[in-house]
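Student: Questions regarding the structure given below will be posed in turn.
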Amino acid sequence: MKRSKLYPPIKFKYSPVFFHFTCGLVFQFSLRFKESYLQNRVLMASKKSLIEEVHRWGCLKQTGVSLRYMMEFGSNPIDKNLLISAQFLHKELAIRIARRAIELDNLPYGLSQKPAVLKVRDWYLDSFHDLRAFPDIKSMNDERVFTEMIKAIKVRHNNVVPTMALGVQQLKKGMDPKIVNEDLVEIHQFLDRFYMSRIGIRMLIGQHVELHNPNPPPFVVGYIHTEMSPVEVAKNASEDARAMCCREYGNAPGVQIYGDPKFTFPYVPAHLHLMVFELVKNSLRAVQERFMDSDKVAPPIRIIVADGIEDVTIKVSDEGGGIPRSGLPKIFTYLYSTARNPLDEHSDLGIGENVTMAGYGYGLPISRLYARYFGGDLQMISMEGYGTDAHLHLFRLGDSQEPLP
1 MKRSKLYPPI KFKYSPVFFH FTCGLVFQFS LRFKESYLQN RVLMASKKSL IEEVHRWGCL
61 KQTGVSLRYM MEFGSNPIDK NLLISAQFLH KELAIRIARR AIELDNLPYG LSQKPAVLKV
121 RDWYLDSFHD LRAFPDIKSM NDERVFTEMI KAIKVRHNNV VPTMALGVQQ LKKGMDPKIV
181 NEDLVEIHQF LDRFYMSRIG IRMLIGQHVE LHNPNPPPFV VGYIHTEMSP VEVAKNASED
241 ARAMCCREYG NAPGVQIYGD PKFTFPYVPA HLHLMVFELV KNSLRAVQER FMDSDKVAPP
301 IRIIVADGIE DVTIKVSDEG GGIPRSGLPK IFTYLYSTAR NPLDEHSDLG IGENVTMAGY
361 GYGLPISRLY ARYFGGDLQM ISMEGYGTDA HLHLFRLGDS QEPLP
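Residue numbers for the sequence shown, in UniProt numbering: 1 to 405.
Dropping the structure here:
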């Protein structure tokens, strides 16, 4: 066989310089490989150690607090109380975050392996690591540094709800359509526990951080307003919901509020605003879509605030056509949505507490958890062909311990 004239045989000539150069490259590559290997081993060992510590802390007992206790303890935010609060949170937050991190790794149907859920799990592991790496809090300087750290943790977790919603949608895409909601009870129960725990974690962090405000408004103790007017909060939430409805549809039904505006009781205004906003928004959408092509004037949404001995109850009534009886069991689940534009991997998840839950099925279940956090509840009564009544019960005595999932 003749050799190609285009590719003559290559002849190597031994050269000490070339030999030493080649050996040097091999040595450098070997050294870098060993360094990379050792770094990976260290990282793996470190992660294994962290996971083991997460499991140890996840077995410890949680400590619940009540609205009344938060209010009484926070009413005198002297250095001693702030130090006690920080020492309590240093341990309590680590326990609660560890429990959720463990659950995030053990979800059924492969939910734990979805990219969005893995991202949330990493946030929880990072926060647990930050808490455990922080030394014992012994001085006010320690307390101030700790407060800045938990503020950063709160910001890190801002997008947990929409990111988990994305993870659930990633699960639904690959799920057998024959599987119904009743078969996914484990996932529903997990999400209830997970979000209830998140509400508690953010409440504890937010309450502690707000106690550092040198000039708090009158009757405000951290996140808690000791003389909150539910009528006033309902008015503000309704205006926000109507503004959103106007942006989407160009118009919005009216909202009528009945109740004594002078009536007040201790509660967290941000929680109540979120719940009423969600209920009114749902009612506005139902009424607007039912009457937008009709010659009839859209009837108003009616809100009634009732001052009971045990509960403050807020009823939101609409004439939006109601919900079919077969659909009622689905409205408090996390895998049911009437969204026209569900989240996807490229969605802008937004930041902050006021991310709107409409559209991917989280508004009502999250609102019910907020109500239950301080001993209340949320119930829906519907008349198909007419409308829906939402009954929001707020436990006014304030001595109910927060639920600890």
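Cβ atoms here follow ideal geometry from the backbone N, Cα and C, with glycine treated the same way.
All values derive from a computational prediction rather than experimental measurement.
1. Going by Cα to Cα distance, which pick from F265, A237, P108, K173 is closest to Q189?
2. Using the rule of at least 16 other Cβ atoms within 10 Å of the residue's Cβ for burial, across every protein chain shown, is T147 buried or exposed?
3. Quick one: give me the first and last residue of the alpha helix (DSSP H) that F291 is part of.
4. Which residues does DSSP pair with L83 in a beta bridge?
5. Under the three-state reduction of DSSP, which class applies to P217: helix, strand or coil?
6. Would you check if the distance between the CB atom of G321 and the CB atom of A286 is smaller than 8 Å?
7. Count the other C-beta atoms from every protein chain shown that fall within 10 angstroms of the C-beta of A133, then say buried if there are 16 or more, exposed otherwise.
8. Kindly give me the distance between the Cβ atoms of L279 and V316, rounded to whole angstroms, as I take these residues to be in contact under 8 Å.
9. Assign G352 to one of two classes, buried (16 or more other C-beta atoms within 10 Å of its C-beta) or exposed (fewer than that).
10. Could you check how far apart the C-beta atoms of A234 and I257 are, in whole angstroms? I think they sit under 8 Å.
11. Between which two residues does the alpha helix (DSSP H) containing residue 456 stretch?
12. May I have the straight-line CA-CA distance separating D176 from L184, to the nearest angstrom?
13. For S229, collect the residues of the same chain with a Cβ closer than 8 Å to its Cβ; drop the 5 residues on either side in sequence, then sort them by chain order.
14. My guess is that K151 and V209 are in contact by the Cβ rule of under 8 Å, so how many angstroms apart are they, rounded?
15. Alpha carbon to alpha carbon, what distance is there between E384 and R156?
16. Report the residue ranges of all alpha helix (DSSP H) runs contained in full by the region 132-208; include only those spanning at least 4 residues, in chain order.
17. Return yes when the Cβ of I303 is within less than 8 Å of the Cβ of S238, no when it is not.
18. Buried or exposed: where does A243 fall if 16 or more other Cβ atoms within 10 Å of its Cβ makes it buried?
19. Go to K235, then tell me how far its alpha helix (DSSP H) extends in each direction, as first and last residue.
20. On the criterion of 16 or more Cβ atoms from any shown chain inside 10 Å, does F219 qualify as buried, or is it exposed?
21. Which residue comes first and which comes last in the beta strand (DSSP E) that contains S400?
22. In three-state terms, what does DSSP make of A306?
23. So for L392, helix, strand or coil by DSSP?
24. P217 to N236, Cα distance in whole Å?
25. Taking D318 as the reference, which of S294, P253, E402 has the closest Cα?
26. Who are the Cβ neighbours of S85 in its own chain at under 6 Å, not counting the five residues just before and after it?
27. Which residue comes first and which comes last in the beta strand (DSSP E) that contains S294?
28. Taking the alpha carbon of L89 as the reference point, which residue from R121, T226, I137 has its own alpha carbon closest?
29. Between the C-alpha atoms of W57 and W123, what's the straight-line distance to the nearest angstrom?
30. Report the CB separation of L204 from E92 in whole angstroms; it is logged as a contact under 8 Å.
31. With I314 as the anchor, note down where its beta strand (DSSP E) starts and where it stops.
32. Should D79 go down as buried or exposed, given a rule of 16 or more other Cβ atoms within 10 Å for buried?
33. Taking T313 as the reference, which of E289, R96, P324, Q379 has the closest Cα?
34. DSSP puts V255 in a beta bridge; with which residues?
35. Exposed or buried, which one is I309 when buried takes at least 16 other CB atoms within 10 Å?
36. Look at L404 and A371 and say whether their C-beta atoms are less than 8 Å apart.
Tutor: Reading it off the structure:
1. Of the listed residues, the one whose Cα sits closest to Q189 is P108.
2. Buried is the call here.
3. Counted as a single uninterrupted DSSP element, the alpha helix (DSSP H) harbouring F291 occupies residues 269-291.
4. Per DSSP, none; premise fails for L83.
5. Three-state DSSP puts P217 in coil, outside helix and strand.
6. Yes.
7. Counting the other CB atoms within 10 Å of its CB gives A133 a total below 16, which places it among the exposed residues.
8. About 4 Å separates the two Cβ atoms, so the contact holds.
9. Because the pLDDT at G352 is just 41, under 50, the model does not fix this residue reliably, and the point stays unresolved.
10. Between I257 and A234 the Cβ distance is about 6 Å, and since that is below 8 Å, they are a contact.
11. Residue 456 lies beyond the stretch modelled for the chain, which goes from 1 to 405, so this question has no answer here.
12. Between D176 and L184, the C-alpha separation is close to 12 Å.
13. The beta carbon of S229 lies closer than 8 Å to those of P261, K262, F263, T264 in the same chain, with the five residues before and after it left out.
14. Cβ-Cβ separation between K151 and V209: approximately 6 Å, consistent with a contact (criterion under 8 Å).
15. In a straight line, the C-alpha of R156 is about 42 Å away from that of E384.
16. Segments of the alpha helix (DSSP H) lying fully in the region 132-208: 140-156, 160-173.
17. Their beta carbons are under 8 Å apart, which means S238 touches I303 by this criterion.
18. Burial check for A243: the Cβ neighbour count within 10 Å stays below 16, so the residue is exposed.
19. Here the alpha helix (DSSP H) through K235 covers 230-249.
20. Per the 10 Å Cβ criterion, exposed.
21. Per DSSP, S400 belongs to no beta strand (DSSP E) and is neither H nor E.
22. In this structure, A306 counts as strand in the three-state DSSP scheme.
23. Three-state result, L392: strand.
24. Those two C-alpha atoms are separated by around 18 Å.
25. The shortest CA-to-CA distance from D318 to any of S294, P253, E402 is the one to P253.
26. Counting only Cβ-Cβ distances below 6 Å, and skipping sequence neighbours, we find H208.
27. From DSSP, S294 is part of no beta strand (DSSP E); its letter is neither H nor E.
28. Selection R121, T226, I137 evaluated against L89 yields I137 as nearest (Cα-Cα).
29. Approximately 17 Å, taken between the alpha carbons.
30. At roughly 7 Å, the Cβ-Cβ gap stays under 8 Å, so L204 and E92 are in contact.
31. Per DSSP, the continuous beta strand (DSSP E) segment holding I314 begins and ends at 311-317.
32. With a 10 Å radius around the Cβ and a threshold of 16 neighbouring Cβ atoms, D79 comes out exposed.
33. Comparing Cα positions, the closest option is Q379.
34. According to the DSSP secondary-structure assignment, V255 is paired through a beta bridge with I301.
35. I309 is classed as exposed because its beta carbon has fewer than 16 other beta carbons within 10 Å across all chains shown.
36. No.
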